Amino acid sequence: MPPLQDHPLRYALTNELHARPSPVIAVPSTAVFLALKPAQDAVARDRGQDRAHLLDLLDRHGAPYPAPEATHHAAEAGRHGLKWENHTEFTTWMAHAEGLTGRPFDPASFDVFPADWQAAAPGVRVTSILFRIEEMPLSGGACDGEALRRKLDDWFVAESLAAVSVLDGAAVVASDFRIDPAGHVRMAVFARPDTGARRIGRVVQRLCEIEMYRAMSMLGLARARAVSAEMGALDRRLADLQARMAGGASQAETVLDALMTVSAELERLDMASSFRFGATRAYEAIVHDRISVLREARFEGRQTLAEFMRRRWDPAMRTVKAAEARLALLSERAMRAGRLLSTQVEVARSAQNQEVLRSMDRRADLALRLQHTVEGLSVVAISYYAVGLASNVAAPLVEPFGMGKTGVAALLTPLVVLGVWLALRRIRARLH
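Using this note's numbering, the letters of the sequence shown correspond one by one to residues 8 to 439.
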């Protein structure tokens with residue numbers, strides 16, 4: 008029996024499930040995260056530049072290269088564990104090392120990414136995070152809330168701090184989602200002593216994804232604000248054109264041309280914004296999903312991540328959705344107005360065509376009458392010349408009988424007229 012054949016994509020699609028494993032992060036540790044994105048046309052970027060940037064960093068640390076078409080790579084870069092991922096719009100980097108710096112959230116932790124290497128990056132920074140991962144202070148086997156509170160008050164802005172217990176009390180995570188003086192977002196993870204390194208790695212990865220996709224989704228807000236200004240002007244123009252539609256058929260074609268211009272501009276806005284708005288919806292869903300899988304619980308009365316996002320981030324997402332809905336509504340209004348104007352123009356043109364047809368009928372009737380008149384005159388003219396010719400032919404023949412030319416003409420005239428009339432009638436009948 009021949010061997011069972013696999014689908015050509017079976018292994019590739021199955022391996023995709025395991026394409027981006029979480030890092031293994033021991034406690035205590037320091038981790039840094041960096042997300043880079045080209046300022047323009049990120050989707051169509053040259054991914055070869057992303058790979059070259061990765062190879063440059065790997066060469067500096069003597070780390071092995073990834074496969075040629077790899078979209079993710081993990082390696083040891085000196086004492087750091089390094090993780091690289093290439094996404095649709097951006098590239099992410101994470102480095103982590105055991106031990107804590109003497110100064111909490113020391114910007115020197117980012118030295119794993121050299122300054123000249125960062126300057127040569129094929130993109131700009133979307134976000135960067137400094138992690139401090141340490142053991143949870145315990146008191147009587149339970150989390151020492153007072154000790155944690157003192158650290159959180161020292162490290163974060165209390166007004167915007169979100170601190171939650173995650174994964175059924177396995178760890179406490181905290182962040183104020185602010186950019187510190189060094190340009191990084193600070194996040195702290197306090198893990199119970201019995202929490203494994205892989206679990207800590209998954210928590211850190213989820214926090215990175217929450218911040219990364221939150222930052223990417225905010226690009227939709229910038230786009231929505233830019234589009235809203237243009238939509239305001241187009242909305243006023245569209246309302247003015249709809250008011251002019253009541254002017255009747257006399258202005259219909261002029262208004263229709265202007266309306267087509269507005270519709271074309273709305274279509275341009277929709278094409279320029281559809282990807283960004285669609286990506287924002289996807290990023291929003293990922294953020295909510297990553298928060299939910301953390302199974303967060305309130306810690307020491309602090310706001311949760313979900314509450315923080317609901318108060319400070321969800322309004323931006325609603326603005327994006329409102330701008331998208333408004334753009335779709337304007338496009339629909341323009342289409343309806345265009346259909347109405349097109350109908351109005353067609354009705355006016357049909358009336359003009361009817362008038363043209365009536366005018367053609369009148370001209371055809373006049374032409375027919377003129378034709379009949381000409382036919383009558385033609386009978387007379389043809390008969391006149393025919394009688395003259397016939398008289399010249401018959402006069403010598405009847406001269407012996409004493410008839411003159413005048414008498415011959417008088418005798419032939421009725422016969423010739425009747426013959427000419429019958430001949431013309433027969434010709435007309437054959438033509439019809």
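Heads up, the beta-carbon is just placed ideally off N, CA and C, and yes, glycines get one too.
Given the structure is predicted, the values throughout are model-derived calculations rather than measurements.
>> For the beta strand (DSSP E) containing L43, name the first residue and the last one.
In response: Position 36 of the sequence shown holds residue 43. Start and end: S36 to K44.
> Which partner residues of M194 appear in the DSSP bridge assignment?
Replying inline: One-based indexing of the sequence shown puts residue 194 at position 187. Paired residue(s): F138 and S182.
> So what does L89 bridge to, in DSSP terms?
Replying inline: Stepping through the sequence shown from its first residue, residue 89 is reached at position 82. L89 pairs with A82 and A102.
>> Using only the alpha-carbon positions, how far apart do P111 and E141 sit?
In response: Locating residue 111 in the sequence shown gives position 104, where the first residue counts as 1. Locating residue 141 in the sequence shown gives position 134, where the first residue counts as 1. For P111 and E141, the distance between alpha carbons rounds to 11 Å.
>> Residues in the same chain with beta-carbon distance under 6 Å from A313, minus the five sequence neighbours each way, listed in chain order, please.
In response: Here residue 313 refers to the residue found at position 306 when the sequence shown is read from its first residue. I298.
>> Buried or exposed, going by whether 16 or more other CB atoms sit within 10 Å of the CB of W100?
In response: Locating residue 100 in the sequence shown gives position 93, counting from the first residue. The residue is buried, with at least 16 neighbouring Cβ atoms inside 10 Å.
> Could you check where the alpha helix (DSSP H) with S235 kicks off and where it finishes?
Replying inline: In the sequence shown, residue 235 corresponds to position 228, counting from 1. S235 -> alpha helix (DSSP H) spans A204 to R251.
> Roughly how many angstroms separate the alpha carbons of R209 and K90, rounded to a whole number?
Replying inline: Counting from 1 along the sequence shown, the entry for residue 209 is found at position 202. Counting from 1 along the sequence shown, the entry for residue 90 is found at position 83. Whole-angstrom Cα-Cα distance: 13 Å.
> Start and end of the beta strand (DSSP E) containing A154?
Replying inline: The count along the sequence shown starts at 1 and reaches residue 154 at position 147. Here A154 belongs to no beta strand (DSSP E); instead the alpha helix (DSSP H) covers G152 to W162.
> Using CA coordinates, which residue listed in R230, L301 and R317 is at the minimum distance from A286?
Replying inline: Position 279 of the sequence shown, counted from the first residue, corresponds to residue 286. Cα-wise, what sits closest to A286 is R230.
> On the three-state DSSP scale, how would you describe Q359?
Replying inline: Counting from 1 along the sequence shown, the entry for residue 359 is found at position 352. Helix at Q359.
>> DSSP has V171 in a bridge; who is on the other side?
In response: Working through the sequence shown from its first residue, we reach residue 171 at position 164. V171 pairs with V180 and R305.
> From the DSSP output, which residues share a beta bridge with S281?
Replying inline: Within the sequence shown, numbered from 1, the residue matching residue 281 stands at position 274. Answer by DSSP bridge pairing: none, since S281 is not bridged.
>> Using only the alpha-carbon positions, how far apart do G106 and V34 sit?
In response: Indexing the sequence shown from 1 puts residue 106 at position 99. Indexing the sequence shown from 1 puts residue 34 at position 27. Cα to Cα, G106 sits roughly 8 Å from V34.
> Run through DSSP, which three-state label would R369 get?
Replying inline: On the sequence shown, residue 369 is found 362 positions in, with the first residue counted as 1. Reduced to three states, the DSSP call for R369 is helix.
> From R67 to V119, what does the alpha carbon distance come to, in whole angstroms?
Replying inline: Taking the sequence shown and counting its residues from 1, the one referred to as residue 67 is at position 60. Taking the sequence shown and counting its residues from 1, the one referred to as residue 119 is at position 112. Roughly 10 Å between the two C-alpha positions.
> In this structure, does DSSP put V300 in helix, strand or coil?
Replying inline: Against the sequence shown, residue 300 aligns to sequence position 293. Helix at V300.
> What are the start and end residues of the alpha helix (DSSP H) that includes E23?
Replying inline: By one-based count along the sequence shown, residue 23 stands at place 16. Counting along the chain, the alpha helix (DSSP H) containing E23 begins and ends at R17 to E23.
> Just the Cα atoms here: how many angstroms apart are V50 and D201?
Replying inline: Taking the sequence shown and counting its residues from 1, one reaches residue 50 at position 43. Taking the sequence shown and counting its residues from 1, one reaches residue 201 at position 194. Cα to Cα, the separation comes out at about 42 Å.
>> Among G227, M252, A178 and E166, whose alpha-carbon lies nearest the alpha-carbon of A279?
In response: In the sequence shown, counting from the first residue as 1, residue 279 sits at position 272. Checked all of G227, M252, A178 and E166; the closest Cα to A279 is G227.
> Cβ of A198 within 8 Å of Cβ of A170?
Replying inline: Here the question's residue 198 lines up with position 191 in the sequence shown. Here the question's residue 170 lines up with position 163 in the sequence shown. It is not a contact, given that the beta carbons lie outside the stated cut-off.
> What are the boundary residues of the alpha helix (DSSP H) that G55 is part of?
Replying inline: On the sequence shown, position 48 is the one that residue 55 refers to. Counting along the chain, the alpha helix (DSSP H) containing G55 begins and ends at R54 to H68.
> Alpha carbon to alpha carbon, how far is I293 from F117?
Replying inline: Taking the sequence shown and counting its residues from 1, the one referred to as residue 293 is at position 286. Taking the sequence shown and counting its residues from 1, the one referred to as residue 117 is at position 110. Cα to Cα, I293 sits roughly 27 Å from F117.
> Assuming A37 and F138 make a contact with CB atoms under 8 Å, what is their CB distance in whole Å?
Replying inline: The residue labelled residue 37 in the question sits at position 30 within the sequence shown. The residue labelled residue 138 in the question sits at position 131 within the sequence shown. For the sequence presented, residue 37 should be read as Thr rather than Ala. Indeed they touch by this definition, with Cβ atoms about 7 Å apart.
>> Assuming the contact rule is C-beta atoms closer than 8 Å, G152 and E307 should be a hit. Round their C-beta distance to whole Å, please.
In response: Taking the first residue of the sequence shown as position 1, residue 152 is located at position 145. Taking the first residue of the sequence shown as position 1, residue 307 is located at position 300. Yes, they are in contact, since the Cβ atoms of G152 and E307 sit about 5 Å apart, within 8 Å.
> At which residues does the alpha helix (DSSP H) containing W124 begin and terminate?
Replying inline: As a position in the sequence shown, residue 124 is number 117, starting the count at 1. First-last of the alpha helix (DSSP H) with W124: A122 to A126.
> Do V424 and S398 have their CB atoms nearer than 8 Å?
Replying inline: Translated into the one-based positions of the sequence shown, residue 424 becomes position 417. Translated into the one-based positions of the sequence shown, residue 398 becomes position 391. No, these two residues do not count as a Cβ contact at 8 Å.
>> Let's test the definition: count the other Cβ atoms within 10 Å of the Cβ of V211 and tell me whether it reaches 16, buried, or not, exposed.
In response: As a working mapping, residue 211 is identified with position 204 in the sequence shown. Buried.
> Taking contact to mean at least 3 C-beta pairs separated by less than 8 Å, is the segment 55-67 in contact with the segment 118-135?
Replying inline: yes
> Helix, strand or coil: which one does DSSP assign to S146?
Replying inline: Position 139 of the sequence shown, counting from 1, holds the residue named residue 146. The answer is strand: DSSP assigns S146 an E or B state.
> Taking F315 as the reference, which of A84, D183 and S349 has the closest Cα?
Replying inline: Here residue 315 refers to the residue found at position 308 when the sequence shown is read from its first residue. Of the listed residues, the one whose Cα sits closest to F315 is D183.
>> For F282, tell me which candidate among T311, R132, P30 and M223 has the shortest Cα-Cα distance.
In response: Taking the first residue of the sequence shown as 1, we reach residue 282 at position 275. Nearest of T311, R132, P30 and M223 to F282, Cα basis: M223.
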